[in-house]
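**Student:**
Residue numbers (my numbering): 12 to 74.
Here it is, written out as structure tokens:
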């Protein structure tokens with residue numbers, strides 16, 4: 012189970028990337044942009060924890 016910071020981030024990722032009521036392309040793109048911006052603001056420990064559980068997300072995080 013993820014701790015609070017990475018859990019909040021991953022919840023927001025799924026909320027933004029999995030539309031609940033149809034797909035508006037512009038809104039979807041804004042969601043992707045927001046997720047990538049949020050990823051840049053995570054603490055290194057949160058990033059490490061997320062990548063341990065979801066290693067395929069490495070490309071979402073800048074080196």
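The C-beta atom is built at its ideal place from N, Cα and C for all residues, glycine as well. Just so it is clear, the structure is predicted and the values come from calculations on it, not from any experiment.
Am I right that residue 59 and residue 23 are in contact with their C-beta atoms under 8 Å? What's the rounded C-beta distance?
**Tutor:** About 18 Å separates the Cβ atoms of residue 59 and residue 23, ruling out a contact at the 8 Å cut-off.
**Student:** In or out: residue 57 buried (at least 16 other Cβ within 10 Å) or exposed?
**Tutor:** buried
**Student:** Roughly how many angstroms lie between the CA atoms of residue 28 and residue 45, to the nearest whole one?
**Tutor:** 10 Å
**Student:** Whole angstroms are fine: how far does the CA of residue 35 sit from the CA of residue 68?
**Tutor:** 24 Å
**Student:** If you draw a straight line from the C-alpha of residue 152 to the C-alpha of residue 71, how long is it?
**Tutor:** Outside the shown range of the chain (12 to 74) lies residue 152, about which nothing can therefore be said.
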